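Here the sequence shown stands for residues 30 to 490, where the numbers follow our numbering.
Glycine included, C-beta positions come from ideal geometry on N, C-alpha and C.
Model, not experiment: these values are computed from the prediction.
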Amino acid sequence: MKKLLISALVLFSSWMLTACGTGIDITFKIDGETYETLQLDEAGGLPRFPSPEEEDRFFLGWHYDETWDERVGYHDTFEESTTLYGRFMEDDGTLNTKLTDELDIPDYEGKDFFEDGIGEVSLLSCRDGDTADFTDGEEDFRVRYLGMDTPESGHTYEPWGPAASAYACEMKEGADTIVLEREPEESERGTFGRELAYVWVDGRLLNLELIELAYSYAEGVAGYRYGREMALGEEKAARTGRRLYGEDDPHFSYEDPIGVSIQTLIENPEDYMTQSVNIEGTVTATVGSHAFIEEDGHALFFYVGYESSDRLQTGNDVRIENAQFYMDGKPFEGPFLTNALHADISYRGSSDIEVREAPFDAIGFEETGLRYHYEDLTITDIDAEAFRFTVEDANGETMHVYQLQEPKLRNDTEHSLIPEAHRLDYEDIDTGDVVDITVNVIKRHGEIAFTLAHRDDIVIE
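Right, here's the structure in full:
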């Protein structure tokens, strides 16, 4: 009798499980036909989503409705059986921003980026394709864009890096509204303490647009709020074979390093943009870890990024192999060298430094990088926010004098060209002061100017 009762209970339990249902079916349909069905044992997210491929069409993701108004996201969970609908678009072999076009910006009105995770900001400075400085009106800070990584265009130059940077900067500089949004699960900051954020420019997600246009790869997007769109955008862009996915950058030199004089680089900058070069010269001044290097009356600034070298000391004769030449880039205007991370710097001896004298009106762009000394100049104007003061000579000619430093940010203190101990305190000078200065010629805001390599290069009489 007991055995019969147990059997009856087992049968009843099996009937109850079958009747109530223990699985959640997720059915995936494409063009009205079932593509695949997955089953969840309990409510929650899917471990994977099918990734259908077709030769002549792009896959644009799974949606909750047949009209494709609501796309499924990585964070979505399912509590009951659901049918999802796949969407395709014709593949004509060209790049497009279909996913960006259809993505709506979240509500940000009256919200603050640091307190609410989303808020409107203003652009301070473009850095490159995936980094920029912003202000919320109270604090200035640096942001690294989430889920993407454009090629380099600063401490070195990579194919498509300058193009990606130019596109991103043009969008932000011409924007009416810029909104930053945090990733809900993103608590850590990026390298150098930078904030991590999505960047909405006039309602368009710049992170995603750069990926769709093959200016950037999608990076670490699994689980991100817009990760599914970014992953689909990368797949879509890759199928075109454009830019990062197969095209040579027409503005990048792929040639091996060549030996060339500094004079040749300065006089023919357009012929050597991004070219890897081997040069020789004497270090005439150092700006933090960076240096001015002169050869036969012509000089270049060597921007070493975050690297440092004991070979770049004032008076050192050096040979630099596999540096990279650029003109009017970030953060240095005029002709300069970069790519210190991969360059080979060798010490060849030491030389006396030639410090020149010439009237202000005799100095032009061809003197960029050379070192000059002046006495009995009068300070006529001071703009501490721009790290600039203006001096006048005995002939009534004026010249701006800068230090190559940047404003302090709440989350990044590593990027200023000049160490804090070397910076001029602008409260130590006043208009009317008579000073002696030793400076290097630079291009600043499109004009000839001077730069102090160290605060000791100015002496108040």
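Here the alpha carbon of residue 368 sits roughly 10 Å from the alpha carbon of residue 355. Taking the Cα of residue 241 as reference, the smallest distance to any Cα among 231, 232 and 259 is reached at 259. Spanning the alpha carbons of residue 247 and residue 269 requires a straight line of approximately 16 Å. DSSP lists 471 as the bridge partner or partners of residue 478. Your pair residue 406 and residue 470 does not check out as a contact, with CB atoms roughly 15 Å apart and the cut at 8 Å.
The Cβ atoms of residue 315 and residue 233 lie no closer than 8 Å to each other. Beta-bridge annotation (DSSP): residue 375 is paired with 348. Beta-bridge partners of residue 307 (DSSP): 288.
Counting the other CB atoms within 10 Å of its CB gives residue 424 a total below 16, which places it among the exposed residues. Residue pairing by DSSP places residue 364 opposite 356 in a beta bridge. Of the candidates 143, 181, 277 and 182, 143 places its Cα closest to the Cα of residue 163. Residue pairing by DSSP places residue 329 opposite 322 in a beta bridge. Comparing alpha carbon positions, the residue from 189, 309 and 159 closest to residue 175 is 159. Annotation: residue 106 is outside any beta strand (DSSP E) and is labelled neither H nor E by DSSP. Scanning its chain for C-beta atoms nearer than 6 Å, with the 5 sequence neighbours on each side dropped, one finds around residue 359 the residues 183, in chain order. Between residue 472 and the set 61, 54 and 329, the nearest pair of CA atoms involves 329. Annotation: residue 323 to residue 348 spans about 11 Å, alpha carbon to alpha carbon.
Taking all protein chains in view, the Cβ of residue 335 is surrounded by fewer than 16 other Cβ atoms within 10 Å, so the residue is classified as exposed. In the pairwise beta carbon analysis, the region 182-196 is classified as not touching the region 112-131: fewer than three pairs are separated by under 8 Å. Contact annotation, residue 281 with residue 303: C-beta distance approximately 5 Å; criterion of less than 8 Å satisfied. Annotation for residue 57: 64, 65, 79 and 113 place their beta carbon closer than 6 Å to its own, counting only its chain and skipping 5 residues before and after.
Between residue 127 and residue 153, the gap from beta carbon to beta carbon reaches 8 Å or more. In the DSSP assignment, residue 194 falls within the alpha helix (DSSP H) that extends over 190-202. Bounds of the alpha helix (DSSP H) holding residue 127 are 127-131. DSSP places residue 227 in the strand class (E or B) of the three-state scheme.
In this model, residue 149 and residue 226 are separated by some 12 Å (Cα to Cα). Residue 487 counts as buried, since at least 16 other C-beta atoms from the protein chains shown sit within 10 angstroms of its C-beta.
In this structure residue 286 touches residue 350 by the C-beta definition: roughly 6 Å separates them, less than 8 Å. In the three-state scheme derived from DSSP, where H, G and I count as helix and E and B as strand, residue 145 is classed as helix. Secondary structure of residue 259 (DSSP, three-state): helix.
The DSSP-derived three-state label of residue 455 is helix. Taking the CA atoms as reference points, residue 392 sits about 8 Å from residue 477. When beta bridges are read from the DSSP output, residue 421 appears opposite 407 and 427.
By the Cβ-count criterion, residue 375 is exposed, with fewer than 16 other Cβ atoms from all chains shown falling within 10 Å of its own Cβ. The beta carbon of residue 378 sits closer than 7 Å to those of 346, all from its chain and outside the five residues before and after it, given in chain order.
Contact check for residue 455 against residue 489 fails: the beta carbons are separated by 8 Å or more.
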